[in-house]
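Each remark here refers to the structure printed beneath this line.
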Amino acid sequence: MLQGHQTWEFENKPVILSTGTVGGPFEAGGKLADDFDLLHDDLWLGQDSYEKAQKVLVEESVSRAIEKAQLRNEDIQFMFAGDLINQITPSSFAGRTLAIPYFGLFGACSTSMEGLALASFIINAKGAERIIAAASSHNAATEKQFRYPTEYGGQKPPTAQWTVTASGAALVSTVGNGPVVTSATIGKVIDMGLSDPFNMGGAMAPAAADTIVSHFRDRDLPADYYDLVATGDLGKVGLPIAKELIEEKGLKLPEDTFQDCGLMIYREGQPVLAGGSGAGCSASVTYGHLLNRMKKGELKRILIVATGALLSPMSFQQKETIPCIAHAVSFEAGGGLQ
Amino acid sequence: MSSSKGKNVTPAQQKYQMLQKKHELKRPVVKNCFRAFLVGGFICLIGQGLHVFYYTFFDFTQRTAGDPTVATLIFISVLLTGFGVYDRIAQFAGGGTAVPVTGFANSVASAAIEHRTEGYVLGVGGNIFKLAGSVIVFGTVAAFVIALIKTILIQWGGL
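From first to last, the protein sequence lines are chains A and B.
Residue 4 is where the first sequence starts when you use my numbering, and the numbers rise one by one after that.
Residue 2 is where the second sequence starts when you use my numbering, and the numbers rise one by one after that.
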């Protein structure tokens with residue numbers, strides 16, 4: 004329950020029973036291809052629009068997670084989902100297909116951990132037996148929404164990030180085997196006055212740093228408590244800034260335990276500039292790669308800090324700065340390894 | 002990039018923006034200029050080749066060969082946009098592919114392709130000049146102002 008200012012500790016240990024991760028063609032060529040349940044070689048996923056393709060990503064990731072737990076849609080009480088598209092239609096339309104009672108969320112790229120935090124809280128409080136939390140993004144649909152047409156020849160600066168085409172879903176349950184969710188820290192909206200939408204990492208780093216520092220303070224943890232603290236997604240620019248900011252606050256994480264999901268997903272040489280981003284990035288990397296490593300015993304305790312830039316294309320044109328947010332969720336191996 | 006101009010910036014924000022600047026990956030300006038010069042120049046070279054080709058082998062004069070030259074460049078640019086190649090060249094070339102007429106053609110074609118899913122009328126028709134529209138608007142406004150100045154100078158200025 005409430006611990007400190009803004010952290011929930013889950014004493015009933017909600018279990019991640021199963022996960023589903025689906026990616027696109029660019030992710031299939033990336034470093035973590037083996038950790039995806041399903042990869043598509045077509046950015047359209049056989050649909051006639053990118054928005055519909057993203058809806059299919061959500062549907063498939065949720066269905067995969069439910070299938071892997073050998074359950075049916077009726078066995079799931081609630082679904083939390085969100086994405087980056089106007090009025091979060093891909094998630095809501097997937098909710099229509101899946102017919103699971105649905106909460107739509109928007110927290111930009113922080114949606115992945117926002118949904119998981121809420122799902123875990125409800126499970127912990129026995130408000131449900133099983134909840135699905137999903138987050139997705141689609142490169143072309145997001146570019147269309149926030150930037151220029153995909154085929155437009157505008158040169159991007161080296162600080163720009165590449166939106167991941169992926170969806171990740173986690174099935175949280177009161178009982179079962181798998182990694183457990185131990186706590187969640189809900190972040191404040193922080194705006195340090197940056198306004199360049201091609202430099203999200205720089206804008207989001209203070210929000211990530213604030214949430215991380217708050218998490219360690221609220222739970223009164225030593226700096227070396229986690230085997231891995233992974234942000235999603237600060238990229239090449241934001242990660243070193245966040246590191247410097249938390250060190251300023253007197254929290255020195257051990258070397259190499261502070262990483263970024265957006266820097267894990269792609270291979271060296273893929274043209275992604277400062278790294279991956281998007282709600283689907285932290286969701287698919289966490290629910291795929293990182294939980295797989297946890298199941299293999301390589302990681303025991305991890306903290307995922309999903310960061311979101313809460314801008315709209317209109318707010319940017321109206322010369323507003325970019326408010327940012329970060330939510331952290333901690334996972335622990337245990338509750339019976341599979 | 003910070004937006005501190007004319008806005009209330011708290012000392013904490015100011016301090017952060019300094020720190021951020023230190024870590025921000027800089028645009029490789031010199032390299033970008035060099036690439037833009039090479040690629041832009043190469044496009045102009047192709048244009049010049051086409052120009053000579055049209056007035057040598059077809060019934061065009063040096064003055065009129067400009068029209069088919071521009072049309073050919075636009076055609077090639079739209080074709081490359083449709084095949085999904087133009088934006089990749091542009092990431093390398095920057096201004097080199099944006100400034101020539103090929104860049105304008107790309108901005109129109111890419112918007113048309115992007116909004117095809119919303120139908121021909123509201124999608125393609127309504128969005129085709131999404132990027133190029135402001136170029137046309139301010140180009141026309143500028144031309145009008147210049148024409149006005151010229152007319153005034155000739156009519157009443159006695160030039």
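Glycine is no exception: its CB is placed at the ideal position from the N, C-alpha and C atoms.
In terms of beta-carbon proximity, residue 85 of chain B lines the interface with chain A, with at least one pair separated by less than 8 angstroms.
By the rule that beta-carbons nearer than 8 angstroms mark a contact, residue 17 of chain B touches chain A.
Among the residues of chain B, none has a CB under 7 angstroms from the CB of residue 250 of chain A; the nearest is roughly 12 angstroms distant. From the beta-carbon of residue 114 of chain B, the residues of chain A found nearer than 9 angstroms are 152, 153, 154. Per DSSP, the unbroken beta strand (DSSP E) holding residue 82 of chain A starts and ends at 81-85. Chain-order list of chain A residues neighbouring residue 91 of chain B: 156, 157, 158, by C-beta distance under 7 angstroms. Closest in C-alpha terms to residue 317 of chain A, from the list A/334, A/148, A/221, comes A/148. With contacts defined as CB atoms closer than 8 angstroms, residue 31 of chain A and residue 42 of chain A qualify as a contacting pair.
For residue 63 of chain B, no Cβ of chain A is located within less than 8 angstroms of the residue's own Cβ. Residue 247 of chain A has a beta carbon lying within less than 8 angstroms of a beta carbon in chain B. Contacts between residue 123 of chain B and chain A, judged by CB atoms closer than 8 angstroms, are missing: the closest CB pair is about 14 angstroms apart.
Of all alpha-carbon atoms in A/284, A/144, A/304, the one lying nearest the alpha-carbon of residue 55 of chain A is that of A/144. Within the same chain, 263 come within 6 angstroms of residue 242 of chain A by CB-CB distance, once the 5 residues on both sides are set aside. A Cβ of chain B is located within less than 8 angstroms of the beta carbon of residue 162 of chain A.
Assignment of residue 64 of chain A by DSSP, reduced to helix, strand and coil, places it in the helix class.
For residue 105 of chain A, the enclosing beta strand (DSSP E) starts and ends at 105-108. Using a Cβ distance threshold of 8 angstroms, residue 125 of chain B and residue 116 of chain B count as a contacting pair. Proximity to residue 10 of chain A across A/329, A/186, A/235, A/272 peaks at A/186, based on C-alpha coordinates. For residue 149 of chain A, the enclosing alpha helix (DSSP H) stretches over residues 142-149. Between residue 94 of chain B and residue 36 of chain B, the gap from beta carbon to beta carbon is short of 8 angstroms. For residue 89 of chain B, the enclosing alpha helix (DSSP H) stretches over residues 87-94. Going by beta carbons, residue 248 of chain A and residue 208 of chain A fall inside the 8 angstroms limit. Two segments are said to touch when three or more pairs of C-beta atoms, one from each, lie closer than 8 angstroms; by this definition the segment 67-78 of chain A does not touch the segment 311-328 of chain A. Under the three-pair Cβ rule at 8 angstroms, the segment 170-179 of chain A does not count as touching the segment 188-208 of chain A. For the C-beta of residue 244 of chain A, the chain B residues within less than 7 angstroms are, from N- to C-terminus, 20, 21, 24. With its beta carbon less than 8 angstroms from one in chain A, residue 132 of chain B belongs to the interface.
Any Cβ of chain A closer than 8 angstroms to the Cβ of residue 126 of chain B would place that residue at the interface, and such an atom is absent. The C-beta distance from residue 290 of chain A to residue 260 of chain A rounds to 20 angstroms, too long to fall under 8 angstroms, and the pair is not in contact. Annotated three-state conformation of residue 26 of chain B is coil, per DSSP. Only exposed fits residue 135 of chain B, as fewer than 16 other CB atoms lie within 10 angstroms of its CB. Secondary structure in the segment 265-289 of chain A: the alpha helix (DSSP H) runs of 4 residues or longer, each lying completely within the stretch, are 282-287 in chain order.
Look at residue 115 of chain B here: in three-state DSSP terms it is helix. When rounded, the separation of the alpha-carbon atoms in residue 143 of chain B and residue 132 of chain B is 18 angstroms. In this structure, the beta-carbon distance from residue 112 of chain B to residue 200 of chain A does not fall below 8 angstroms. Membership of residue 12 of chain A in the beta strand (DSSP E) is indicated by the continuous run 10-12. Using a Cβ-Cβ distance cut-off of 8 angstroms, the segment 103-117 of chain A and the segment 157-165 of chain A are not in contact, since fewer than three pairs of beta carbons, one from each stretch, lie closer than that value.
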